[in-house]
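Engineer: Residue numbering for the sequence shown follows full-length UniProt numbering, beginning at 1 and increasing consecutively. Input: one structure, supplied below.
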Amino acid sequence: MALTQEQKKHFKSIGHHLKPVLIVAENGITEGVLSELERALHDHELIKVKINLTERDDRQAVVAELCETSGSELAQVIGKVALLYRKNPKPNKNLSNISRFLQA
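The following block contains the structure:
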């Protein structure tokens, strides 16, 4: 399910105020990174991921692999930060960035 332009715009406005919850460093995508990504997407639905790699092509490959392995959608990439979204069928209203933004 690809995100529509309206959804991306909405997620970007929410994501602007978020801090990265996951950092991918020189070691790349490890089991620890994948498990933390899974937990973060399950809890928050919309998360920022910082990719600390110098080469743009490497960062794009990491973002693509993260999206593919987690089943998430890419909402935005700015420099070394990616905004990922995956809908949770039963979101926790206190943890979900989408629900918390709607309540504010």
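Idealized CB from N, CA, C, for every residue including glycine. Just so it is clear, the structure is predicted and the values come from calculations on it, not from any experiment.
Whole angstroms is fine: what's the gap from Glu65's alpha carbon to His10's?
Structural biologist: To locate residue 65, count along the sequence shown from 1; it is residue 65. To locate residue 10, count along the sequence shown from 1; it is residue 10. Rounded to the nearest angstrom, the two C-alpha atoms are 24 Å apart.
Engineer: If you reduce the DSSP assignment to three classes, tell me which class Val49 lands in.
Structural biologist: Mapped onto the sequence shown, residue 49 falls at position 49. If DSSP states are grouped into helix, strand and coil, Val49 belongs with the strands.
Engineer: Is it buried or exposed for Glu45, if we count other Cβ within 10 angstroms and need 16 for buried?
Structural biologist: Against the sequence shown, residue 45 aligns to sequence position 45. Burial call: buried.
Engineer: Look up Ile78 in the DSSP assignment and say whether it is helix, strand or coil.
Structural biologist: As a working mapping, residue 78 is identified with position 78 in the sequence shown. Strand.
Engineer: By a C-beta neighbour count over all protein chains shown, 10 Å radius and 16 as the cutoff for buried, is Asn92 buried or exposed?
Structural biologist: Sequence index remark: in the sequence shown, residue 92 carries index 92 (1-based). When all chains shown are included, Asn92 counts as exposed.
Engineer: Would DSSP call Leu84 helix, strand or coil?
Structural biologist: For the purposes of this step, residue 84 is taken as residue 84 along the sequence shown, with counting starting at 1. Strand at Leu84.
Engineer: Express the C-alpha separation of Arg56 and Ile23 in angstroms, rounding to a whole number.
Structural biologist: For the purposes of this step, residue 23 is taken as residue 23 along the sequence shown, with counting starting at 1. For the purposes of this step, residue 56 is taken as residue 56 along the sequence shown, with counting starting at 1. Roughly 16 Å between the two C-alpha positions.
Engineer: Counting only the same chain and skipping the five closest in sequence on each side, list residues whose C-beta sits under 8 Å from that of Arg81.
Structural biologist: Here residue 81 corresponds to residue number 81 of the sequence shown, with the count starting at 1. The question names Arg, yet the displayed sequence has Val at residue 81. Only Pro20, Lys48, Val49, Lys50, Ile51 meet the Cβ criterion.
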